[in-house]
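A.B. asks: Chains as they are written, first to last, in the working numbering: chain R, 1 to 354; chain F, 1001 to 1324; chain U, 2001 to 2233.
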Ligand SMILES: Nc1ncnc2c1ncn2[C@@H]1O[C@H](COP(=O)(O)OP(=O)(O)O)[C@@H](O)[C@H]1O
Ligand SMILES: [Mg+2]
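(1) What separation, rounded to the nearest whole angstrom, lies between the Cα atoms of residue 2064 of chain U and residue 2057 of chain U?
(2) Expressed to the nearest angstrom, what Euclidean distance is found between the alpha-carbon atoms of residue 80 of chain R and residue 123 of chain R?
(3) Determine contact between the region 228-238 of chain R and the region 34-53 of chain R, defined as no fewer than three beta-carbon pairs at a distance below 8 Å.
(4) Among the residues of its own chain, which have a CB less than 8 Å from the CB of residue 2075 of chain U, if the five just before and after it don't count?
(5) Please list, in chain order, the chain F residues whose beta carbon lies closer than 9 Å to that of residue 156 of chain R.
(6) Say whether chain F places a C-beta atom closer than 7 Å to the C-beta of residue 2302 of chain U.
(7) What residues in its chain sit with their C-beta under 6 Å from that of residue 88 of chain R, if we drop five residues either side in the sequence?
(8) On the three-state DSSP scale, how would you describe residue 346 of chain R?
(9) Provide the residue span of the beta strand (DSSP E) that contains residue 1037 of chain F, from first to last.
(10) Just to make sure I have the definition right: I need the residues of chain R whose C-beta is within less than 7 Å of the C-beta of residue 1261 of chain F. Which are they?
(11) Verify the contact flag: residue 2037 of chain U, CB atom, against every heavy atom of ligand 1, threshold strictly below 6 Å.
(12) Count the other C-beta atoms from every protein chain shown that fall within 10 angstroms of the C-beta of residue 2221 of chain U, then say buried if there are 16 or more, exposed otherwise.
(13) Let me know if residue 196 of chain R comes out buried or exposed under the rule of 16 or more other beta-carbons within 10 Å of its beta-carbon.
(14) Using only alpha-carbon positions, find the residue among R:291, R:282, R:335 and R:330 that is nearest to residue 322 of chain R.
(15) Go through its chain and collect everything with a Cβ distance to residue 30 of chain R's Cβ below 8 Å, but skip five positions before and after it.
(16) Take residue 1079 of chain F as the anchor and find which of F:1105, F:1055 and F:1060 has the nearest alpha-carbon.
(17) Residues in the same chain with beta-carbon distance under 8 Å from residue 1217 of chain F, minus the five sequence neighbours each way, listed in chain order, please.
(18) Out of U:2148, U:2010 and U:2041, which has the shortest C-alpha to C-alpha gap to residue 2206 of chain U?
(19) Flag residue 2032 of chain U as yes when its Cβ comes closer than 6 Å to any non-hydrogen atom of ligand 1, and as no otherwise.
(20) What did DSSP end up calling residue 1218 of chain F once you bin it into helix, strand or coil?
(21) What is the rounded straight-line gap between the Cα of residue 1170 of chain F and the Cα of residue 1191 of chain F?
(22) What are the boundary residues of the alpha helix (DSSP H) that includes residue 198 of chain R?
(23) Is it buried or exposed, residue 178 of chain R, if we count other Cβ atoms within 10 angstroms and call 16 or more buried?
(24) Could you name the residues of chain R that residue 1303 of chain F contacts, counting a contact when the two beta carbons are closer than 9 Å?
(25) Given residue 2069 of chain U, which residues of its chain have a CB within under 7 Å of its CB, disregarding the five upstream and five downstream residues?
(26) Is the Cβ of residue 1085 of chain F closer than 7 Å to any Cβ of chain U?
(27) Using 8 Å as the threshold, is the region 2091-2105 of chain U in touch with the region 2130-2137 of chain U, meaning 3 or more CB pairs across them?
(28) Taking the alpha helix (DSSP H) that residue 111 of chain R falls in, what are its first and last residues?
(29) For the alpha helix (DSSP H) holding residue 2194 of chain U, just list the boundary residues, first then last.
(30) Suppose the cutoff is 8 Å on Cβ atoms and the five residues either side in sequence are ignored; what does the same chain contact list for residue 67 of chain R look like?
(31) Considering only C-alpha positions, which residue in the set U:2191, U:2199 and U:2014 is nearest to residue 2185 of chain U?
(32) Determine the DSSP secondary structure at residue 2087 of chain U, reduced to helix, strand or coil.
(33) My output table needs one value for residue 254 of chain R: the three-state DSSP class, helix, strand or coil.
(34) Would residue 1050 of chain F be called buried (16 or more neighbouring beta carbons within 10 Å of its own) or exposed?
(35) Quick check: residue 2122 of chain U and residue 2138 of chain U, are their CB atoms within less than 7 Å of each other?
(36) Within 7 Å of any Cβ in chain U, is that where the Cβ of residue 1170 of chain F sits?
Shown next as structure tokens:
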């Protein structure tokens, strides 16, 4: 088997064994952390697709996550709970309860997640068709405007979201396996996309929009494609989150979370899928560690401030992040390993240019 | 009826003054560095905390205000020196993200200090008498803080205008904004100009912070977020980077913002019988009383439309960076 | 007064000046001629500190200024009138001139504006007009006047005749020669080879980042190779 196939398979195998051990261990804290990591990884990889690949910086993706979370939560609420909990739902929605479970499969939730993803993708199509025409920091601010709009709607659409009150009673479907299955699928999909002609078009218009235009590559199309697919995956992360945390309110889905995801993206490297995974791990570990320090020292605010300082340091000293646009290459990794074991083989970094 | 509209106009104009104080600072920095300084709102927040702590410590109001402005200016200068100078001239988005990070540091830093001082996250703002309460003009009552905002806005903006048009440092600022390499060839010390811009913008933000907190009645470390977005919208309406444009945009935004609130109440304040019952019902339906709570969504939709169709502001020309 | 030694300047990875050396003596008018993209403007920008050379020395009055900031270099007496004039279009003519003398005491600079008005009578009536509303020739005069406001000992002039009507070109060169007669040292970059060599004492020819010929202006004017490349036809 070539390293290109064996590498990812081995990684997935390793991940599965790790998850199985963790699952069996009963260490609730670490299980929760790993689910969080999976959700963050999806968010970061999706943002990378929407922004890192295209260079069009979107700050609105947490809005898509919020929509995904609320849509899936509303759709899966069991009827008994629903009539009491959301009495003002319109009748066509009040009767929906995607809470069916077939054997080990929560099919209702899976359907709800898919519906949430598709609905959000449609919203992204409408929003993106307008916003992806902007560029530079204006697109960033306009998408931030979208985030604010989503928040205002969530707060005001009481009948659907309970407004500013906590939305709880969400069925806890999300577990280690679902979270990581989704994460691996998203990583794989985006990684494949990067190598496809669509991915190349995204990078091409990022590098030089005028040149891209002159060779007939449309600028809007790749940007929009990236934006919509990114929104779809982000909504799935929203559903995973909703059914993991089981109670939330609109305030969760705002700027702090946006900034956390951006930090992971920039630290990992805009344009690199493996970078996004690495960035998620590094920043989540750092944040978790600092939170511990905070809990012990009671210096609340310390972790946020230090993380932001770390972010600035990365932008100043290593603006391309850990990976830049490169990816981990299993080919080179294996050559390297072989050469370490005494074989020949060219030396080189375990990375490849995009 | 007439009173109702006068009331709304006063609200609009005083909100406009606040936005103007913010937006001018944002536009000043942007014009020179092409940096959208989102931490601007957090400077405003920090200033509100500085004056609060100064008043808690028993400082007389004038001293507390001076302490607030000086503190905000110092923080603004530090922020420029430490975070923005190393990335000057970097990609727009990198600068924008850095300013978010600076904002996070200020927010978390304030949270930290305020917790260490034994204060809760949300503090009641000790608004002094001068901005506390209302003044009645015949049938209409106006909060004092609105009048103070209006007057302060007018005075400070006039002073700023004099400074940028009549002093060499002000002209240097203008030159740096218009053509940075040419400004350097004049022998203008760009670092000094940039520092001055940050000092002015932080000072104005401090005053805005005081007024904003007086209006809100409460402060928390996150209060800067919405105002800075509003200031940004004001600056965009005015054609980003132009100081006078930012002022115009700020007042336009003030007016724009009261429209949903004003409309939402329109059916109720019409004298009975002024319009046929059918029209009255229609008005209630089209402009429900909940419309006011969608105000922020409304202004952001407007922002997006502005960015798309008139990125150079209502005064500037049309056209945008075209994407086919 | 000024000497460049083996100057190398890059834009990122793009090499713009590749080992240029030249000297300018006090009181001289030295011209650099050469086709578009040869690296002439880049050379001037390095002297005035807008660009940092990667290697080589820029020696002015016996000291290396290649690491000085632009404002220090202006203070040392070098003034750079850039290609394309770069007038502050939204400021008035007077304000442009004030900025030219921004490092000097305000009162002194204000007095000098009157002197400038004598040298450039056409600017006198336009003092309150926005710089952007001037004609090309007037803008060029304003650019030179503004560069003189810092009381330089060495004036760097980049393509002052660019895009001007022939009559205006004559006029600009009269001004330049007048400045030289007053004792100002001038380093002039020009594509208008005829005029440049007429006005200059000595000249350098620059091609793809290097100096390829140098000599007295007269001798260059009659050099067949120069004739071939730059007088064309
Ligand atoms: N800002 C820039 N970025 C990249 N390359 C530049 C820049 N400015 C000039 N160059 C390149 O440097 C070379 C020299 O340019 P320049 O000094 O302007 O030439 P000249 O003034 O002799 O016409 C040219 O090849 C030009 O393309
Ligand atoms: Mg040139």
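Where is the CB? At the ideal position from N, CA and C, for every residue including glycine.
C.D. replies: Taking the geometry as given:
(1) In the third chain, the residue the question calls residue 2064 of chain U occupies position 64. In the third chain, the residue the question calls residue 2057 of chain U occupies position 57. Cα to Cα, residue 2064 of chain U sits roughly 6 Å from residue 2057 of chain U.
(2) Along the first chain, one-based indexing puts residue 80 of chain R at 80. Along the first chain, one-based indexing puts residue 123 of chain R at 123. Rounded to the nearest angstrom, the two C-alpha atoms are 30 Å apart.
(3) Result yes; three or more Cβ-Cβ pairs closer than 8 Å.
(4) By 1-based counting over the third chain, the position of residue 2075 of chain U is 75. Taken in chain order, the residues that qualify are 2103.
(5) Looking up residue 156 of chain R in the first chain gives position 156. Here the neighbours are 1290, 1293, 1294 and 1297.
(6) A query on residue 2302 of chain U cannot be resolved here, the shown segment of chain U reaching from 2001 to 2233 and no further.
(7) As a first step, residue 88 of chain R is located in the first chain; it is residue number 88 there, counting from the start. If the five residues before and after residue 88 of chain R are omitted, its C-beta is found closer than 6 Å to the C-beta atoms of 159, all from its own chain and listed in chain order.
(8) For the purposes of this step, residue 346 of chain R is taken as the residue at position 346 of the first chain. Low confidence applies to residue 346 of chain R: its pLDDT is 42, below 50, so where it sits in the model is not reliable, and the reading given next is rough at best. Looking at residue 346 of chain R - three-state DSSP - the assignment turns out to be coil, as it is neither helix nor strand.
(9) Locating residue 1037 of chain F in the second chain gives position 37, where the first residue counts as 1. Neither: residue 1037 of chain F is in no beta strand (DSSP E) and is coded neither H nor E.
(10) Numbered from 1 along the second chain, position 261 holds the residue referred to as residue 1261 of chain F. Here the premise fails: no neighbours, minimum Cβ distance about 14 Å.
(11) In the third chain, residue 2037 of chain U corresponds to position 37, counting from 1. Yes, the beta carbon of residue 2037 of chain U sits closer than 6 Å to at least one heavy atom of ligand 1.
(12) Translated into positions along the third chain, residue 2221 of chain U becomes position 221. Taking every protein chain shown into account, the CB of residue 2221 of chain U has 16 or more other CB atoms within 10 angstroms, so this residue is buried.
(13) In the first chain, counting from the first residue as 1, residue 196 of chain R sits at position 196. Residue 196 of chain R should be labelled exposed.
(14) Mapped onto the first chain, residue 322 of chain R falls at position 322. Across the set R:291, R:282, R:335 and R:330, the C-alpha of R:282 shows the shortest separation from the C-alpha of residue 322 of chain R.
(15) Taking the first chain and counting its residues from 1, the one referred to as residue 30 of chain R is at position 30. Closer than 8 Å at the Cβ level, and outside the excluded window around residue 30 of chain R, lie 22.
(16) Counting from one through the second chain, the residue named residue 1079 of chain F turns up at place 79. Ranking the options by Cα distance to residue 1079 of chain F, first place goes to F:1105.
(17) Within the second chain, numbered from 1, the residue matching residue 1217 of chain F stands at position 217. For residue 1217 of chain F, where only same-chain residues beyond five positions count, the Cβ hits under 8 Å are 1124, 1125 and 1127.
(18) In the third chain, counting from the first residue as 1, residue 2206 of chain U sits at position 206. Of U:2148, U:2010 and U:2041, the residue nearest in Cα terms is U:2041.
(19) On the third chain, position 32 is the one that residue 2032 of chain U refers to. Proximity of the beta carbon of residue 2032 of chain U to ligand 1 is not indicated: no heavy atom of the ligand is located closer than 6 Å.
(20) Within the second chain, numbered from 1, the residue matching residue 1218 of chain F stands at position 218. Three-state result, residue 1218 of chain F: strand.
(21) In the second chain, the residue the question calls residue 1170 of chain F occupies position 170. In the second chain, the residue the question calls residue 1191 of chain F occupies position 191. Looking at the two C-alpha atoms, the distance is approximately 14 Å.
(22) Counting from 1 along the first chain, the entry for residue 198 of chain R is found at position 198. Where residue 198 of chain R is concerned, the enclosing alpha helix (DSSP H) stretches over 197-207.
(23) Looking up residue 178 of chain R in the first chain gives position 178. Buried: at least 16 other Cβ atoms inside 10 Å.
(24) For the purposes of this step, residue 1303 of chain F is taken as residue 303 along the second chain, with counting starting at 1. Correct list: 141, 142 and 145.
(25) Here the question's residue 2069 of chain U lines up with position 69 in the third chain. Cβ within range, chain order: 2049.
(26) Along the second chain, one-based indexing puts residue 1085 of chain F at 85. Using a CB distance cut-off of 7 Å, residue 1085 of chain F does not count as an interface residue toward chain U.
(27) Output reads yes: the region 2130-2137 of chain U touches the region 2091-2105 of chain U.
(28) Here the question's residue 111 of chain R lines up with position 111 in the first chain. Its alpha helix (DSSP H) spans residues 107-131.
(29) Within the third chain, residue 2194 of chain U is the residue found at index 194, counting from 1. For residue 2194 of chain U, the enclosing alpha helix (DSSP H) has its first and last residue at 2193-2199.
(30) By 1-based counting over the first chain, the position of residue 67 of chain R is 67. Around residue 67 of chain R: 116, 119, 120, 123, 150, 235 and 238.
(31) In the third chain, the residue the question calls residue 2185 of chain U occupies position 185. Nearest C-alpha to residue 2185 of chain U: U:2199.
(32) Position 87 of the third chain, counting from 1, holds the residue named residue 2087 of chain U. Three-state result, residue 2087 of chain U: coil.
(33) Counted from its first residue, the first chain places residue 254 of chain R at position 254. Note: residue 254 of chain R maps to coil in three-state DSSP.
(34) Here residue 1050 of chain F corresponds to residue number 50 of the second chain, with the count starting at 1. Buried, since its Cβ has 16 or more Cβ neighbours within 10 Å.
(35) Residue mapping note: residue 2122 of chain U aligns to position 122 of the third chain, counting from 1. Residue mapping note: residue 2138 of chain U aligns to position 138 of the third chain, counting from 1. Taking the C-beta atoms as reference points, residue 2138 of chain U is found nearer than 7 Å to residue 2122 of chain U.
(36) Taking the second chain and counting its residues from 1, one reaches residue 1170 of chain F at position 170. So, not an interface residue.
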